[in-house]
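What follows is one structure encoded as structure tokens, with my remarks underneath.
In this note's numbering, the protein residues as written are 216 to 427.
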């Protein structure tokens, strides 16, 4: 059944490219520090047990304390430092929320003034204000969107001030529940805010060329 649907472009999500993963050091130190934190705690406990058994409890305690301090430092650093990938992932989730809610103010903050849209039935000449007006008309009016959930979000960096996300969204509306994949190109503007400069539909069930 899946193969039959894929022939008509109804379920073949495999054509959506997977974005490169973050560097290993960023993933294990900033994005997900728990493996390092747990390892340091285990090393602290093991060191103290071994040295205490050898009659060197004071030295074991000192080394264990150093490991524990390193674990705390790793955790605190990950909480305080937001990487660019994390920033555009958060911005992507907020953009999905703002779009589903037709939140004009939030959309105005998240969309770049030189926004470019690549979505079927949306004129490529549409500027930022026209795009927001179209979202309001379609989301709040024609389709009656009641919510949207981010199912997956991938992020990569294309340059010092350029980022890109691929996001899988499940939208609930009056016409039913619809999954879709989107590409969003982000630019870090002068006020240090990431804004969407290009939005392209990558996959929508039943739409052969969703990017227009």
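Note that CB positions come from ideal geometry on N, CA and C, so glycine has one too.
Per DSSP, the continuous alpha helix (DSSP H) segment holding residue 301 begins and ends at 299 to 315. In the structure shown, the three-state DSSP call for residue 361 is coil. Of the residues assessed, residue 250 falls on the exposed side of the cut-off, its CB having fewer than 16 other CB atoms within 10 angstroms. In the structure shown, residue 426 falls within a coil segment according to DSSP collapsed to helix, strand and coil. The DSSP-derived three-state label of residue 338 is coil. Contact annotation: residue 366 and residue 383 have beta-carbon atoms nearer than 8 Å.
The secondary-structure analysis by DSSP pairs residue 269 with nothing; it has no beta-bridge partner. Our two residues, residue 271 and residue 280, have alpha carbons roughly 14 Å apart in a direct line. Per DSSP, the unbroken alpha helix (DSSP H) holding residue 319 starts and ends at 319 to 325.
In the structure shown, the three-state DSSP call for residue 356 is helix. A straight-line Cα-Cα distance of about 27 Å links residue 286 and residue 369. Around the beta carbon of residue 425, 16 or more other beta carbons lie within 10 angstroms, which makes this residue buried.
Looking at the DSSP output, residue 331 shares a beta bridge with 413.
Remark: C-beta atoms of residue 388 and residue 359 approach each other more closely than 8 Å.
Distance check between residue 284 and each of 293, 308, 255 and 312 places 255 closest, using alpha-carbon atoms only. The alpha-carbon separation between residue 237 and residue 300 amounts to approximately 8 Å. For residue 367, DSSP records a beta bridge to 383. Beta-carbon to beta-carbon, residue 410 and residue 325 are separated by about 6 Å, close enough to satisfy the 8 Å threshold.
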